[in-house]
Amino acid sequence: MTAADPAPAEAHSGTTTHPWPIVGHAVAVDLLARATRTGQVAHAYLITGPEGIGRFTLARTVAQALLCAAAPERRPCGDCSACQRVARGVHPDVSVISRETQAASEERGDAKHTRISIETIRNLRATIALRPMEGRWRVAIITESERLSRDAFDALLKTLEEPPPFVVLLLIATEAEALPDTIRSRCQPVPLEPLSRSAVAAELTRRGVPAAQATTIASLTRGRIGHALALAADPEALQEQSAAVQAGLEMIESPLAALAAARRLADAYRRGQRDAVERQLDLLLGLWRDLLLLAGGCDEAMVNADQRDRLAALARSWSIAEVLCGLTATYQALGDLALNAQPRLVLDHMVMQWPQPR
Ligand SMILES: [Zn+2]
1 MTAADPAPAE AHSGTTTHPW PIVGHAVAVD LLARATRTGQ VAHAYLITGP
51 EGIGRFTLAR TVAQALLCAA APERRPCGDC SACQRVARGV HPDVSVISRE
101 TQAASEERGD AKHTRISIET IRNLRATIAL RPMEGRWRVA IITESERLSR
151 DAFDALLKTL EEPPPFVVLL LIATEAEALP DTIRSRCQPV PLEPLSRSAV
201 AAELTRRGVP AAQATTIASL TRGRIGHALA LAADPEALQE QSAAVQAGLE
251 MIESPLAALA AARRLADAYR RGQRDAVERQ LDLLLGLWRD LLLLAGGCDE
301 AMVNADQRDR LAALARSWSI AEVLCGLTAT YQALGDLALN AQPRLVLDHM
351 VMQWPQPR
């Protein structure tokens, strides 16, 4: 076991008997499977954890388990009309609220910088106040719950205080702490953790991904099974990711390449490609973190394990203090960009703080 694989017990406890098609998250699945099977369901659950970890998949599976037409012990069967319509997002008793569904219903294109509005929550409240159309339950899934506006939280609180008896709310958030206490205290917590890398790699292999590639994807996605499956299914994204890692390594190996790349990133940032630049900085952060792990001798937890030789050569030429300097400068740059500092100054400064290769 390594520092990056803290929870193998969760991923490997295979004692459950329910048919839920969820990889890992055994504690959460046990809780929810028992609740849906017995009908002893809380009115609201708060599913938390990092993005790409399977939070929405779990919420959707709860909706299937509640609405499935099969015998209780076989729910969710995945085959009945209810299960299939929930999976396709067209079941009349399931509402999904996200910034994307809100933007689509308002016929706007930009979901990124908006919050979920009070109108959206009011509409949801009106829908879930009605008796279910088909099944015993109405299910509402709110993704990115931390993105509700203050008014929207107040409106949601009214439903949480007096929920119709047939309503189950499934709130998804990165951290419980990002929600108001009044909301949080009325939800049953369902915290999810990243899976162990070995569990992610095993699942990818089971789905036919070659073993070496499965290991690489499991490392890159740091135990986030949703991201891992998406990456494995998208050869183009995998190639882009690998090209971005090469570009990052070249930056760290050569100060000249780093300065030129910093200028390109600053230009891209100014042209509005903020997400792409932040992803590249995030990836650089991962490379510096790997260098620190190599320098400290705990390299099993590396993210870019397939670049071990190149990274090890760099790590050998620096002291731990120098590597730490590279890591903190990169971290600082990400923070400064978020605070709207001048991208060119921030990125130039970042690469100038990095240690010089010897
Ligand atoms: Zn079913």
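Residues in the sequence shown are numbered consecutively from 1, following my numbering.
All C-beta atoms in this analysis are idealised placements derived from N, C-alpha and C, irrespective of residue type, glycine included.
Because the structure is a prediction, the values reported are computed rather than measured.
Beta-carbon proximity check, residue i vs residue j, cutoff 8 Å
i, j, result
"E144", "L179", "no"
"V351", "P255", "yes"
"A63", "V94", "yes"
"L364", "A232", "Any question about residue 364 goes unanswered here, given that the chain covers just 1 to 358."
"I225", "G54", "yes"
"V168", "L66", "yes"
"E250", "L334", "no"
"V86", "R122", "no"
"C83", "P76", "yes"
"A26", "A35", "no"
"L192", "T57", "no"
"R115", "S149", "yes"
"P21", "R74", "no"
"S105", "A152", "no"
"R138", "P132", "yes"
"P343", "T174", "no"
"I141", "T120", "no"
"A262", "D348", "yes"
"A268", "A257", "no"
Spatial neighbours of residue i in its chain, beta-carbon cut-off 6 Å, leaving aside the 5 residues before and after
i, result
"P72", "R37"
"V23", "E203 and I225"
"G52", "R224, G226 and H227"
"W318", "P355"
"A295", "A315, I320 and V323"
"E177", "none"
"T234", "Residue 234 is actually Asp in this sequence, not Thr. Within the same chain, D234 has no close Cβ partners at all."
"H12", "With a pLDDT of 39 at H12, under the threshold of 50, the predicted position of this residue should be treated as unreliable, though the coordinate-derived value follows. Closer than 6 Å at Cβ, skipping near neighbours: no residue."
"R88", "none"
"G248", "L283, L284 and L287"
Own chain, CB closer than 7 Å to residue i, minus 5 neighbours either side, in chain order
i, result
"R136", "F166"
"A329", "M350, Q353 and W354"
"C187", "A44, Y45, L46 and L171"
"P164", "I128 and A129"
"D306", "T216"
"A228", "V200, L204, I217, A218 and T221"
"E253", "L314 and P357"
"T182", "L157"
"A28", "L58, V190 and L192"
"E162", "none"
"C274", "In the sequence under discussion, the amino acid at residue 274 is Arg, which differs from the Cys named in the question. Contacts found: none."
"A214", "A201, L204 and T205"
"R379", "The structure shown does not extend to residue 379, since the chain is modelled only from 1 to 358, so the question has no answer here."
DSSP bridge partner residues for residue i (one or two, in chain order)
i, result
"L169", "A44 and A140"
"I116", "L148"
"P189", "L46"
"S95", "A140"
Neighbourhood of residue i by C-beta, 8 Å cutoff - its chain only, sequence neighbours within 5 removed
i, result
"S81", "A69"
"N304", "S219, L220, V245, G286, L287, D290 and L311"
"Y331", "L285"
"D154", "I118"
"L327", "L285, W288, R289, L291 and L292"
"A230", "G52 and A237"
Exercise. Between the stretch 286 to 296 and the stretch 313 to 328, do at least 3 Cβ pairs fall closer than 8 Å?
Worked result: As far as the Cβ criterion goes, the stretch 286 to 296 touches the stretch 313 to 328, which means the pair count is three or higher.
Exercise. Whose CB is closer than 7 Å to a heavy atom of ligand 1? List the residues in chain order.
Worked result: Each of Q64, C68, A69, A70, R75, P76, C77, G78, D79, C80, A82 and C83 has a C-beta closer than 7 Å to some heavy atom of ligand 1; these make up the full list, in chain order.
Problem set entry | Given 8 Å, three or more beta-carbon pairs between the stretch 242 to 262 and the stretch 275 to 284 | With a cut-off of 8 Å, the stretch 275 to 284 and the stretch 242 to 262 count as touching, because enough Cβ pairs lie within range.
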